[in-house]
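Residue numbers (the working numbering), protein chains in the order written: chain A, 24 to 272; chain B, 544 to 871. Notes follow once the structure below has been shown.
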């Protein structure tokens, strides 16, 4: 357990009387896809925000890449190599698809305060950005405004931006949301290969994808993790069946 | 191709700005040259504001502070030089000057320092709060100028002879116009280069989606602060030129009316368009000159026009003529 890239212990967040995350303990091991599932309102997105540093936890510790990151803000965590995607695509609508990815490359290069060199002629940004667009299959959309591409393509762009950060771990908040069956299938195949590059904490509602991908699954209900285990263990767990999977299982 | 159309519109604007005073020179109409000079200076103030308002999405309602700081840099330094009174004798001697270049450097330094202080505080807020706090800071400086008798207080400060620039007779209207137009051109080229750079990309990103900026590991605050300071410096340079144009500086340059006017240039001409401030300032001065001569309430139709632009033509005059952009 000690070589986990990301580990949470006793992470808690309360909004008024609502316990959004309740003593959550989980970890992400190198090379794995750890799926986080649970019914709507279980606190999955809140937990992602706590890990990403957008919400401060009330209690508990988060370790990432060997450091306690409790006091680090979201910018620092991202720069340490924690890349997240958003449940609802969060992009720069007026930028081209390419510019969206270039911005991430700019961050990785660490050189944002450059005032004179035109950015679109900067091969050290354009080339790696294009490479990521090619990986997710968006290269032919590079010059379109992010606002003008389809929903599915925006999901792909979210992935490309995360990839461009060359992270040590991915936090993917429902990457399949709103994608058609075709798109989900393609993305499932893609994520399958991605775990070799960096481990993934995957929040997802698409159970086919989760069962196909996950090395381990944690089930979150009312902010609490009620079970963690392999796909088979979770499928056979009575608590999980009752709380979440219902007749599907 | 909308990009080509915008290029065409921009070219027409640039040519008109140069051609009109030249024609006025031929017709011996120095007043028109003065109007064109005013357009160039106001446009430059707008170019400064456009950097934060247009590209950065930060609605500063306090840019008169920087415009006025530039103006007072010119007025104060010139008044000391013309009265042969040093500004400071101990611990070391600082004298006034009538050299524009020195005045500009002073204006740049002071506006940058003030913008840094204002920016560090105001940029922690957003939306309406940002508007109100920038306004409050500008008003503080305005009241300070009014209540500071050493430099004329409410009455302002005259610059008896326009400050000098090496090799140019600044008292000659067309020469002074040329100087102002050249400064505007430099400000616009600088601004164009800036928004195409890495910094410019980050600035425009921070406007569109701060959440995404944070997620890719770029803190919007520092980007905005640097933009705010650069923006203030450009507007301050315009202010120094404006004081020299009028040979007079008063707290009016610092008042919220002035902040509003600079904002109008940008919004009327086209927010986030390179030539927007020039189009806006030109339209404003033309309206003021044509309508103002016949009707006391000429700002009423201006208000209606502004309303129409905000409601129906977010790209302002340049946007209406050149169409929407493909992407930034």
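Cβ atoms here follow ideal geometry from the backbone N, Cα and C, with glycine treated the same way.
I want to verify the contact list: residues of chain A whose CB lies under 8 Å from the CB of residue 740(B), in sequence order. Per Cβ cutoff of 8 Å: 137, 138, 139, 140, 141 and 142.
Counting only Cβ pairs nearer than 8 Å, list the residues of chain A close to residue 705(B). The contacting residues do not exist; residue 705(B) stays about 32 Å from chain A at best.
Taking 7 Å as the CB-CB cut-off, is residue 547(B) touching chain A? At a cut-off of 7 Å, the C-beta of residue 547(B) has no neighbouring C-beta in chain A.
When you compare the CB positions of residue 564(B) and residue 579(B), do they come within less than 7 Å of one another, or not? Inclusion of residue 564(B) and residue 579(B) in the CB contact set at 7 Å is warranted, their separation being smaller than that value.
Cβ contact (3+ pairs, closer than 8 Å) linking the segment 103 to 120 of chain A and the segment 81 to 90 of chain A: Contact between the segment 103 to 120 of chain A and the segment 81 to 90 of chain A is present, because at least three Cβ pairs lie under 8 Å.
In the DSSP assignment, find the alpha helix (DSSP H) that holds residue 79(A) and state where it starts and stops. No alpha helix (DSSP H) contains residue 79(A), which DSSP labels as neither H nor E.
Let me check one thing: in DSSP terms, what residues is residue 168(A) bridge-paired to? Note: residue 168(A) sits in a beta bridge opposite 119(A).
Supposed close pair residue 59(A), residue 29(A) - CB separation, criterion 8 Å: Between residue 29(A) and residue 59(A) the Cβ distance is about 12 Å, and since that is not below 8 Å, they are no contact.
Name the residues in the segment 179 to 205 of chain A whose C-beta lies less than 9 Å from a C-beta of chain B; which are they? Within the segment 179 to 205 of chain A, the residues whose Cβ lies closer than 9 Å to some Cβ of chain B are 184, 185, 187 and 188, listed in chain order.
Which residues in the same chain as residue 272(A) place their Cβ atom closer than 7 Å to its Cβ, once the five residues preceding and following it in sequence are excluded? Here residue 272(A) scores only 41 on pLDDT, less than 50, and its place in the model is too uncertain to base an answer on.
So which of 839(B), 814(B) and 804(B) has the shortest CA-CA distance to residue 827(B)? Scanning 839(B), 814(B) and 804(B) for the CA closest to the CA of residue 827(B) turns up 804(B).
I'd like the list of long-range same chain contacts for residue 127(A), defined as Cβ closer than 7 Å, with 5 residues on each side in sequence excluded. By the criterion of a C-beta distance shorter than 7 Å, residue 127(A) is surrounded in its chain by 184, 187 and 188, once the five residues flanking it on both sides are discounted.
Compare the Cα-Cα distances from residue 34(A) to each of 118(A), 99(A), 49(A) and 221(A) and report the closest residue. Of the candidates 118(A), 99(A), 49(A) and 221(A), the one whose C-alpha sits nearest the C-alpha of residue 34(A) is 49(A).
Take the Cβ of residue 274(A) as the centre, count every other Cβ of all protein chains shown within 10 Å, and call the residue buried at 16 or more, exposed below. Any answer about residue 274(A) is impossible in this case: the structure gives chain A only from 24 up to 272.
Could you pull out every residue in the same chain whose Cβ sits closer than 6 Å to the Cβ of residue 216(A), ignoring the five residues on either side in sequence? Cβ within range, chain order: n/a, list empty.
Take the Cβ of residue 641(B) as the centre, count every other Cβ of all protein chains shown within 10 Å, and call the residue buried at 16 or more, exposed below. Answer is buried; the Cβ neighbour count reaches 16.
Identity of the residue in 200(A), 195(A) and 160(A) nearest residue 237(A) by Cα: Ranking the options by Cα distance to residue 237(A), first place goes to 195(A).
Residues near residue 798(B) by beta carbon distance below 7 Å, same chain, minus five either side: Close CB contacts of residue 798(B) within its chain, under the 7 Å cut and outside five residues either way in sequence, are with 607 and 685 (chain order).
Closer than 9 Å at the beta carbon, the chain A residues around residue 757(B): The answer, in chain order, is 75, 76, 77, 96, 97, 98 and 101.
Would you identify the three-state DSSP class for residue 852(B), choosing helix, strand or coil? DSSP places residue 852(B) in the helix class (H, G or I) of the three-state scheme.
Exposed or buried, what is residue 793(B) when buried is set at 16 or more other beta-carbons lying within 10 Å of its beta-carbon? Buried is the call here.
Beta-carbon neighbours of residue 236(A), restricted to chain B and to distances below 8 Å: Those do not exist, as residue 236(A) stays about 23 Å from chain B at its closest Cβ, beyond 8 Å.
Between the Cα of residue 705(B) and those of 732(B), 718(B), 768(B) and 569(B), spot the shortest distance and give me the residue it belongs to. The residue among 732(B), 718(B), 768(B) and 569(B) with its C-alpha nearest the C-alpha of residue 705(B) is 718(B).
Since residue 761(B) meets chain A, which of its residues come closer than 8 Å, beta carbon to beta carbon? Those within 8 Å of residue 761(B) in chain A are 98, 126, 129, 130 and 135.
I'd like to know whether the C-beta of residue 745(B) is nearer than 7 Å to at least one C-beta of chain A. Chain A places a beta carbon closer than 7 Å to that of residue 745(B), counting this residue as a contact.
Helix, strand or coil, according to DSSP, for residue 790(B) in the structure here? Here residue 790(B) sits in coil by DSSP.
Alpha helix (DSSP H) containing residue 231(A): first to last residue? That run of the alpha helix (DSSP H) goes 230 to 236.
Run down chain A in chain order and give the residues with a C-beta less than 8 Å from the C-beta of residue 748(B). Against residue 748(B), the close residues of chain A are 115, 118 and 126, in the order they occur along the chain (beta-carbon pairs closer than 8 Å).
Burial state of residue 150(A) (16 or more Cβ within 10 Å): Counting of Cβ neighbours within 10 angstroms places residue 150(A) among the exposed residues, the total staying below 16.
So residue 736(B) contacts chain A; which residues on that side make the cut at Cβ distance below 8 Å? For residue 736(B), the residues of chain A that pass the 8 Å Cβ criterion are 138, 139 and 141, in the order they occur in the chain.
Whole alpha helix (DSSP H) runs in the segment 599 to 632 of chain B with 4 or more residues, listed along the chain? Complete alpha helix (DSSP H) runs here, min 4: 607 to 626.
Using a Cβ-Cβ cutoff of 8 Å, what residues of the segment 40 to 57 of chain A are near chain B? List them in chain order. If the cut-off is 8 Å between Cβ atoms, the segment 40 to 57 of chain A has nothing near chain B.
For the beta strand (DSSP E) holding residue 193(A), just list the boundary residues, first then last. For residue 193(A), the enclosing beta strand (DSSP E) stretches over residues 192 to 196.
Taking 7 Å as the CB-CB cut-off, is residue 752(B) touching chain A? True, the Cβ-Cβ gap to chain A drops below 7 Å.
On the three-state DSSP scale, how would you describe residue 26(A)? Look at residue 26(A) here: in three-state DSSP terms it is coil, with no helix or strand label.
Please report the straight-line C-alpha distance between residue 240(A) and residue 848(B), rounded to a whole angstrom. When rounded, the distance between both Cα atoms is 60 Å.
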